[in-house]
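Just so you know, the protein sequences line up as chains A and B, in that order. For the first sequence, my numbering begins at 109 and goes up steadily by one. For the second sequence, my numbering begins at 14 and goes up steadily by one. Think of the CB as a built atom: it goes at the ideal place given N, C-alpha and C, for glycine as much as any other residue. Encoded as C-alpha cells, the structure appears first; notes follow it.
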Amino acid sequence: MEQKSELNFESPTFLTRIKGMLSVDFYRLFHTPLFYIFLAIAAIIPAMILGMTSIENPQGVVEPLYTNTWQVIAAESPLYIVSNIAEYANMNMVFIFGGIMVSIFIGHDYKSGYVKQLFTTHPKKQDYMMSKTVICAFAMACMCITYLFGTILSGLFVGASFSVNVGSLICAILGKIIMSLGWASLYVFLNIIFRKYFAISIASSFFFGTGILIIGAAAILGNSGILNIFLYGSSVYACLSSNILTIITCLIVSISWSVIYNILGTHILNKSDVY
Amino acid sequence: MNAIEIKNLTKNYGEKQALSGLTMTVPMGSIYGFIGENGSGKSTTEKIICGLLHPTSGQVKLYDKDYTDIDIRASIGVLIESPGCYPNYSVWNNIMLQATNLHLDNKEDEVRKVLKLVRMEGAASNKFKNCSLGMKQRIGIAMALLGNPKLLVLDEPINGLDADGMRIMREILTDITKDQKCTILISSHILGELEKIATHYGIIRGGKMIVEMTADELDKSCPTFIALKSKNMTKTKELLSKKYSKVLEDEQKEYLRVYDAQKAEDVVKYLYDNQIIVTEIKTDKIGLEEYYINLMNNKEVK
C-alpha cells in the first residue's frame, strides 16, 4: 500500500496531448524539404498550364488553351463532368499533389518507427488522426496559396487577361482552401488503411485525388448539384461563379468529411495493430 | 502491486499463434529478464504491453490498471528493437520531439540529462542516420528514459553495444530501479549480461511462459560442480564415471564436470590413486545461459 501511494500517474488533458502532437507535426512539416518541394511544385503548375498548353481551333490555328488567368484557379461554372482538360486543370490539382505529400509525410512515421514511440505514450488514436489532418490541411492550404501566387506571376508573364468578378474569385479561392481540410482527412484516412504498404497509399491518394470515382458518378448523374456533398464535387463547386453559399457548402462538406474520416480512421487504429 | 500482470494472453497473426495463453507477473521495482528463442513471442508480448498490438484474448494490467489506460501509458519508456527516430534529424532534435510528445516542462534540461546519462552529450548534433548501431541503441535508451518513466520496456537494448556500452547500460538500469522506483522489462539474447542485472526471470517458449523465477531461485536451481582437466581425458572420464553418477563434458569439451562430488581434493586423490594427474581443477556453477540452454534442450535441470 505504501508503494502504491508513491506512484503518481499524470493524466494529460486533451488540449495538452493535441498541443504536443501538433508541435511535433508542425516542427516536422517545417523541417522537411518535402513540404517546400511541394510548395514549389504548386507554384510551378500554373506556369506550366498557362505557358505550355494550347489547342488547335477548327480553322487549324493553334491558340492558348487559357485566355483568362483565373481559369487556372477555377472553372467558369461547376462542371462535374470533365469534357476537356481545361475544365480540370485548375487549383484542384493541388489536392492531387497534396495527397502524395500526405502519403510521404505519414509514411515516414511508420518507416522510421516513430509511431512506436508515439503510440506507446499516446493511446488516444483520435489525437493522431486530428493532428495529421490539421497539419496536412495546413500544408495543402499553403500549396493553394503558392499556386495562387504562381498563377498571378504566370498570368503577368504570358500576358493573359485578369478580368474577373473579384467577389466570386475570392469565394472560389476560399472555398478551395477550405476543401483542403476535407481532402486532408481523406488522405490521412487512406494512409491509415494502407499504412503498412507505402506504394499503395501513394497510389490510393493519387486515385482518389484525381476524383475518378466522382467523375464516373457525374457521368451517370449529369451536372447535378447533389455532387456538391462529395469532396470533389465541392472542390469543383468552388468556381468563378461562386458566392457566399459556395463557401458555406465547402465548409459544411469539408468539416463533415473530416469528422467522418477521423472517426473511421480512429476506429481502424483502435481495432488493429498499429505497428 | 505488480508493475505488469498478464493472464492467459493470446495473439494470433492470421493462422499463426504467436502467444498461446501467456501468464506473466513482473513485480514492481524489479529488473525482469525476459528470455526466449527467436519467434517465441517476446517482442509480441512487449508490443502488446506498449499498446502497439492488440491481443486476441487475455488480460494485461499495468500497475493494476488496464494497459490501455491513458494515465499509465504516459509513464512508459520503450525501446522496441530499434529507436523510432527520423534519420535526417539530429540526435538532439529526435529526443526533443519525444520530450514534446511527453509534454515535459523543462524539455531542454530533460534532454540534456538523458544524453548525459547515456554518455552521448558530444554527439547531440550528429544526424541520427550517421550514428553507429551502438550509438543508436543509446539514443533509444535516452528516449525511453525521458520523463522518469515508471516502467521501461526494452527489447534487445544491448544489441550492438561494445563492452563499455554494456557496462554503462548496466549501471544506468541498476541505478534507475533504485532511484526512480522504475520497473524494467528487458529481453536479450546476451544472457551473461542479463544475469548481472536481472532480479527476476521469465522464460518463454512457443508463446507460453515455461518458467518464472527470482534471481535467488535461479541461483538455487543451478547446480555446482567440480570441473577438471587432465592429460588423458578419456580415461579420466571412464574412471570418474565408475565412482560418481553424473560426469559430463562441458560444451567446449575442455573440462570434465563432476556433479555429485563433495570435495575437489577427494576427486584429485581418487584420480591420483589411479595414476591420473589432474592439471587443472575448480569448483563452478552453471549460469543463466547454461540453465536456459538445458531447459530449451529439455535436459535435466535441478
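Span separating the alpha-carbon of Val291 (chain B) from that of Tyr272 (chain B)
17 Å
With a threshold of 8 Å, are at least 3 pairs of Cβ atoms found where one atom belongs to the region 238-254 of chain B and the other to the region 269-283 of chain B?
yes
Please report the distance separating the alpha-carbon of Lys140 (chain B) from that of Trp105 (chain B).
9 Å
Taking Thr140 (chain A) as the reference, give the member of A:Ile214, A:Met129, A:Tyr340, A:Val367 with the closest Cα.
A:Ile214
Can you say whether Met14 (chain B) is buried or exposed, counting buried as having 16 or more other CB atoms within 10 angstroms of its CB?
exposed
May I ask you to list the residues that DSSP assigns as paired with Ile89 (chain B)?
B:Leu164
Measure from the C-beta of Pro236 (chain B) to each C-beta in chain A and report whether the shortest distance is under 8 Å.
no
Using a Cβ-Cβ cut-off of less than 7 Å, list which residues of the region 113-146 of chain B approach chain A; keep chain order.
Thr113, Asn114, Leu115, His116
Given a cut-off of 8 Å, decide if Gly153 (chain B) and Ser95 (chain B) are closer than it, judged by their beta-carbon atoms.
yes
Counting pairs of Cβ atoms below 8 Å between the region 249-263 of chain A and the region 117-131 of chain B, do you hit three or more?
no
What's the call for Asp286 (chain B), buried or exposed, on a 16-neighbour Cβ count within 10 Å?
exposed
Test item: CB-CB of Gly207 (chain A) and Ser313 (chain A) under 8 Å
yes
Sheet register partners of Thr4 (chain B) (DSSP bridge):
Outside the displayed span of chain B (14 to 315) sits residue 4 (chain B), for which this structure offers no information.
Beta carbon proximity, Ile89 (chain B) to chain A, threshold 8 Å
yes
Is the beta carbon of Ala228 (chain B) less than 8 Å from the beta carbon of Thr247 (chain B)?
no
Relative to the C-alpha of Tyr188 (chain A), which residue among A:Tyr236, A:Cys244, A:Met251, A:Phe338 is closest?
A:Phe338
If you measure from the CB of Gly206 (chain A), is any heavy atom of the ligand NAD nearer than 7 Å?
Absent from the structure shown: the ligand NAD. Ligands present: none.
Closer than 8 Å, Cβ to Cβ, to anything on chain B: give me those residues from the region 219-234 of chain A, in chain order.
Ser220, Gly221, Tyr222, Val223, Lys224, Gln225, Leu226, Phe227, Thr228, Thr229, His230, Pro231, Lys232
On a Cα-Cα basis, can you pick out the residue from A:Gly159, A:Thr177, A:Thr241, A:Asn116 that is closest to Asn370 (chain A)?
A:Thr241
Between Thr58 (chain B) and Leu92 (chain B), how many whole angstroms is the CB-CB distance? I'm expecting something under 8 Å.
In fact, because the Cβ distance is near 15 Å, the residues do not count as touching under 8 Å.
His216 (chain A) touches chain B at which residues, Cβ-Cβ below 8 Å?
Tyr99
Which partner residues of Lys29 (chain B) appear in the DSSP bridge assignment?
B:Tyr26
Quick one: what's got a C-beta closer than 6 Å to Pro186 (chain A)'s C-beta in the same chain, skipping five residues either side?
Val344, Tyr345, Cys347
Please list, in chain order, the chain B residues whose beta carbon lies closer than 8 Å to that of Gly128 (chain A).
Thr113, Asn114, Leu115, His116
Flag Asn95 (chain B) as yes if its beta-carbon sits less than 8 Å from any beta-carbon of chain A, otherwise no.
Strictly speaking, residue 95 (chain B) in this sequence is Ser, with Asn absent from that position. Judged by the 8 Å Cβ criterion, Ser95 (chain B) is in contact with chain A.
Given that a residue counts as buried once 16 or more other Cβ atoms are within 10 Å of its Cβ, and exposed if not, what is Lys276 (chain B)?
exposed
The alpha helix (DSSP H) enclosing Phe227 (chain A), as first and last residue numbers:
222-229
Do the region 148-164 of chain A and the region 131-147 of chain B meet, that is, are 3 or more Cβ pairs less than 8 Å apart?
no
Using a Cβ-Cβ cut-off of 8 Å, state whether Ser119 (chain A) counts as contacting chain B.
yes
Residue ranges of each beta strand (DSSP E) within the region 232-261 of chain B, 3 or longer:
237-243
With a threshold of 16 other CB atoms inside 10 Å of the CB of Asp168 (chain B), please say whether the residue is buried or exposed.
buried
Shorter than 8 Å from the beta carbon of Ser239 (chain A) to some beta carbon of chain B?
no
Cβ closer than 7 Å: which chain B residues qualify as neighbours of Val382 (chain A)?
Leu65
Please confirm if Lys112 (chain A) has its CB atom under 8 Å from at least one CB of chain B.
Note on Lys112 (chain A): pLDDT 46, under 50, position unreliable in the model; no value is reported.
Restricting to runs no shorter than 3 residues, where is the beta strand (DSSP E) found entirely within the region 45-114 of chain B?
70-75, 89-92
If contact means a Cβ-Cβ distance below 9 Å, which residues of the region 174-191 of chain B contact chain A?
none
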